[in-house]
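Chemist: Protein chains in written order, with my numbering: chain Y, 2 to 115; chain F, 551 to 711.
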């Protein structure tokens, strides 16, 4: 599970360099994200712009990552492609995560859910 | 002008493959190669991929949870306005002999209690129609339909090799 990690402007950007987060790799994704989350600052931005497909296993793994970060840190999402966006929208999980068009948008114009 | 169709030999797709998550990915690739002549709108292709991935991975993870050597039998018929799917496996029966309800879960919970699973059946029921389950001769049989946009096929479609 290839992740590219960069700490910038007080946030940790984690870019997923795979095109699918599905049942075949969900556990590997969770494990890789757990490592990426270690000592992460309070904002972790997950860049999914290379991910063309994510199913319910992938969604579950993203939720698990959010819980792992704990209530003091925020997991935000950026670059949702159409099918990925559809999964978050249909399940209403798009109301749980702050979602940005790109990681730069996340860094330049942070939003806070009340 | 008559509406072009898949040539008769290609009006259905049938595959039997091992029940592993990697083989499910391969099977999805095969399905989309078969679907290519239909030139489906991206939205429909996304729906099909999502529903099929959920259904097939459920069989791998639940129906065959006690077995490593199970097989999945998938048939897809191209009918007017949609695709009809039939999926059979020889794994465990559905709990209570019925499909999960797949209700949308309330997310009105504190973050630590948010569900990590159970979204699959909700997506299947939301995106597919006529989702039906039966069990016969120790086999599970799931059928469903996904309507697709009416994209006209090119009239000089080469025959499938």
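We put the CB at the ideal spot given by N, CA and C, even for glycine.
As the structure is a computational prediction, the values presented were derived from the model and not from experiment.
#1: Given a cut-off of 9 Å on the beta-carbon distance, is the pair residue 657 of chain F and residue 600 of chain F in contact?
#2: If you draw a straight line from the C-alpha of residue 51 of chain Y to the C-alpha of residue 686 of chain F, how long is it?
#3: Terminal residues of the continuous beta strand (DSSP E) containing residue 624 of chain F?
#4: Determine, using beta carbons only, whether residue 561 of chain F and residue 635 of chain F come nearer to each other than 9 Å.
#5: Express the C-alpha separation of residue 40 of chain Y and residue 696 of chain F in angstroms, rounding to a whole number.
#6: Counting only beta-carbon atoms, is residue 96 of chain Y nearer than 9 Å to chain F?
#7: Output, in sequence order along the chain, the residues in the stretch 66-98 of chain Y whose CB is closer than 8 Å to any CB in chain F.
#8: With a threshold of 9 Å between beta carbons, is residue 112 of chain Y in contact with chain F?
#9: How many Å lie between residue 576 of chain F and residue 569 of chain F at the Cα?
#10: Compute the Euclidean distance between the alpha carbons of residue 625 of chain F and residue 62 of chain Y, then round it to the nearest angstrom.
#11: Any beta carbon from chain F within less than 9 Å of residue 115 of chain Y's own beta carbon?
#12: Taking 8 Å as the limit between beta carbons, can you name the residues of its chain near residue 23 of chain Y, skipping five residues before and five after?
#13: Would residue 25 of chain Y count as contacting chain F if we go by Cβ distances under 9 Å?
#14: Would you say residue 1 of chain Y reaches chain F, if we count a Cβ-Cβ gap shorter than 9 Å as a contact?
#15: Keeping to the same chain, check which residues put their C-beta closer than 6 Å to that of residue 623 of chain F; ignore five residues upstream and five downstream.
#16: Can you tell me whether DSSP reads residue 82 of chain Y as helix, strand or coil?
#17: Do you know offhand how far residue 703 of chain F's Cα is from residue 36 of chain Y's?
#18: In angstroms with no decimal places, state the Cα-to-Cα distance between residue 644 of chain F and residue 571 of chain F.
#19: Could you have a look at residue 600 of chain F and say whether DSSP puts it in helix, strand or coil?
#20: What does DSSP give as the partner residue(s) for residue 679 of chain F in the beta ladder?
#21: Answer with buried or exposed for residue 1 of chain Y, where buried requires no fewer than 16 other C-beta atoms within 10 angstroms of its C-beta.
Modeler: Reading from the atomic positions:
#1: Position 107 of the second chain, counted from the start, is the residue given in the question as residue 657 of chain F. Position 50 of the second chain, counted from the start, is the residue given in the question as residue 600 of chain F. Cβ distance not < 9 Å, so residue 657 of chain F and residue 600 of chain F don't count as in contact.
#2: What you label residue 51 of chain Y is simply residue 50 of the first chain in a count that begins at 1. What you label residue 686 of chain F is simply residue 136 of the second chain in a count that begins at 1. Straight-line Cα distance between these residues: approximately 42 Å.
#3: As a first step, residue 624 of chain F must be located in the second chain, where it is residue number 74. Residues 621-629.
#4: Mapped onto the second chain, residue 561 of chain F falls at position 11. Mapped onto the second chain, residue 635 of chain F falls at position 85. Not in contact: residue 561 of chain F and residue 635 of chain F (Cβ atoms no closer than 9 Å).
#5: For the purposes of this step, residue 696 of chain F is taken as residue 146 along the second chain, with counting starting at 1. For the purposes of this step, residue 40 of chain Y is taken as residue 39 along the first chain, with counting starting at 1. Approximately 45 Å between the Cα atoms of the pair.
#6: By one-based count along the first chain, residue 96 of chain Y stands at place 95. Yes, residue 96 of chain Y lies at the interface with chain F (some Cβ there is under 9 Å from its Cβ).
#7: 67, 68, 72, 83, 84, 87, 88, 91, 92, 93, 94, 96, 97
#8: The residue you call residue 112 of chain Y lines up with position 111 of the first chain. No - not a single Cβ of chain F is within 9 Å of the one on residue 112 of chain Y.
#9: In the second chain, residue 576 of chain F corresponds to position 26, counting from 1. In the second chain, residue 569 of chain F corresponds to position 19, counting from 1. When rounded, the distance between both Cα atoms is 11 Å.
#10: As a working note, residue 625 of chain F is residue 75 in the second chain. As a working note, residue 62 of chain Y is residue 61 in the first chain. C-alpha separation (whole angstroms): 30 Å.
#11: Numbered from 1 along the first chain, position 114 holds the residue referred to as residue 115 of chain Y. Confidence at residue 115 of chain Y is low in this model, with a pLDDT of 43, below 50, so the placement of that residue should be treated as unreliable; the coordinate-derived value is given next. False, the Cβ-Cβ gap to chain F never drops below 9 Å.
#12: Translated into the one-based positions of the first chain, residue 23 of chain Y becomes position 22. Once the five neighbours on either side are set aside, the close Cβ partners of residue 23 of chain Y are 54, 55, 56, 58, 59.
#13: Reading the first chain from its first residue, position 24 is the one you call residue 25 of chain Y. By this cut-off, residue 25 of chain Y is an interface position.
#14: The first residue shown for chain Y is 2 and the last is 115, placing residue 1 of chain Y beyond what the model contains.
#15: Here residue 623 of chain F refers to the residue found at position 73 of the second chain. Excluding sequence neighbours, residue 623 of chain F sits near 566, 638.
#16: Walking along the first chain from the start, residue 82 of chain Y turns up at place 81. It is coil, neither helix nor strand.
#17: Position 153 of the second chain, counting from 1, holds the residue named residue 703 of chain F. Position 35 of the first chain, counting from 1, holds the residue named residue 36 of chain Y. Its pLDDT being 36, under 50, residue 703 of chain F is placed unreliably in this model, and the coordinates cannot settle the point.
#18: Your numbering for residue 644 of chain F matches position 94 in the second chain. Your numbering for residue 571 of chain F matches position 21 in the second chain. When rounded, the distance between both Cα atoms is 19 Å.
#19: For the purposes of this step, residue 600 of chain F is identified with residue 50 of the second chain, where counting begins at 1. Three-state result, residue 600 of chain F: helix.
#20: Taking the first residue of the second chain as 1, we reach residue 679 of chain F at position 129. For residue 679 of chain F, which the question treats as bridged, DSSP gives the partners F:695.
#21: Here chain Y has residues from 2 to 115 only, and residue 1 of chain Y is not among them.
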